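Enquirer: First residue of the sequence shown: 1, per full-length UniProt numbering; consecutive thereafter. Pasting a structure below so you can have a look.
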Amino acid sequence: MVEPLFSSLSSDADPIIFVWYDALNPEHENGVSSQRNGIQLEKAAVLFNLGAICSQIAASCDRTTALGRHLAMEAFKVAANFFFQLWKVFAKDVVSATLDLTLLFVEFLHVLFAAQASELELQQQLNNNDASYALQQHRCALSFSSKLTFFKAEAPEVYASVKSCGLDHDAECVTEILVRGI
């Protein structure tokens, strides 16, 4: 627990300020700082960056091979888990002045990377001639479609930032947008 180290500072001490650079809005060139929830902002930033790095690792895997698909699938699962933790635990405690740390956006990232992992799992099952492929493919398509519809309606400004990345493409474009600020 590091919170007590940052909340019990005396009033005459200089406060520790954590700065977050918005991954989607380059207008915040100097970053956005938070004194009130400083340590929570830093924890959220670390989780976001870990998720973005794992998604970049997944996107860079050679998915033409079984090993590459497996590695990418595992990296997307790890990225989805980081964004899940951010969504469920940390983002609600951070008063975010940036779009990329809002609850809606981190939920979207969790679902996006979980869907990417599911798609790779489906490809793996197809290569293994698994009979349940059609049902799982349908579930994956529904997940992508419902989240896209939800995201268009609830966060059109973020959707506009990532709409150039079609669902039929790999996650590289979305990942590039996410890690651009790192």
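Note that beta-carbon positions come from the ideal geometry of N, C-alpha and C, so glycine has one too. As the structure is a prediction and not an experimental result, all values here were calculated from the model.
(1) Report the rounded CA-to-CA distance for isoleucine 57 versus phenylalanine 18, giving the unit in angstroms.
(2) Hey, serine 55 and phenylalanine 105: beta-carbon distance below 7 Å or not?
(3) Mind checking which residues open and close the alpha helix (DSSP H) that includes valine 46?
(4) Taking C-alpha atoms, which residue in Thr102, Phe108, Gln123, Ser146 lies nearest to leucine 67?
(5) Going by alpha carbons, who is nearest to glutamate 119 out of Asn49, Arg69, Gln40?
(6) Look at the alpha carbon of threonine 149 and the alpha carbon of alanine 59, and state the distance between them as a whole number of angstroms.
(7) Alpha carbon to alpha carbon, how far is glutamate 121 from lysine 147?
(8) Indicate, with yes or no, if the ligand HEM has a heavy atom lying under 6 Å from the CB of aspartate 62.
(9) Between glutamine 85 and the rest of its own chain, which residues show a CB-CB distance below 7 Å, the 5 nearest in sequence each way excluded?
(10) So the candidates are Thr65, Ile53, Lys43, Glu42; which of them puts its Cα closest to the Cα of asparagine 128?
(11) Assuming phenylalanine 76 is part of the alpha helix (DSSP H), what are its boundary residues?
(12) For alanine 52 versus arginine 63, is the C-beta spacing smaller than 7 Å?
(13) Candidates Glu107, Leu41, Ala115: which alpha carbon is nearest leucine 142's?
Expert: So, from the data block:
(1) Here residue 57 is taken as the residue at index 57 of the sequence shown, counted from 1. Here residue 18 is taken as the residue at index 18 of the sequence shown, counted from 1. Distance between the alpha carbons of isoleucine 57 and phenylalanine 18 is about 26 Å.
(2) Numbered from its first residue, the sequence shown carries residue 55 at position 55. Numbered from its first residue, the sequence shown carries residue 105 at position 105. No, these two residues do not count as a Cβ contact at 7 Å.
(3) The residue labelled residue 46 in the question sits at position 46 within the sequence shown. Where valine 46 is concerned, the enclosing alpha helix (DSSP H) stretches over 38-60.
(4) Here the question's residue 67 lines up with position 67 in the sequence shown. Nearest of Thr102, Phe108, Gln123, Ser146 to leucine 67, Cα basis: Gln123.
(5) Position 119 of the sequence shown, counting from 1, holds the residue named residue 119. Nearest C-alpha to glutamate 119: Arg69.
(6) Counting from 1 along the sequence shown, the entry for residue 149 is found at position 149. Counting from 1 along the sequence shown, the entry for residue 59 is found at position 59. Spanning the two alpha carbons is a distance of roughly 24 Å.
(7) Residue 121 sits at position 121 when you count from the first residue of the sequence shown. Residue 147 sits at position 147 when you count from the first residue of the sequence shown. So the alpha carbons of these two residues sit roughly 19 Å apart.
(8) You won't find the ligand HEM in this model; it holds no ligand whatsoever.
(9) Stepping through the sequence shown from its first residue, residue 85 is reached at position 85. Contacts found: Leu47.
(10) Locating residue 128 in the sequence shown gives position 128, where the first residue counts as 1. It is Thr65 whose Cα lies nearest to the Cα of asparagine 128.
(11) For the purposes of this step, residue 76 is identified with residue 76 of the sequence shown, where counting begins at 1. 66-85 is the extent of the alpha helix (DSSP H) around phenylalanine 76.
(12) For the purposes of this step, residue 52 is taken as the residue at position 52 of the sequence shown. For the purposes of this step, residue 63 is taken as the residue at position 63 of the sequence shown. No. Outside cutoff.
(13) If you number the sequence shown from 1, residue 142 lands on position 142. Ranking Glu107, Leu41, Ala115 by Cα distance to leucine 142 puts Ala115 first.
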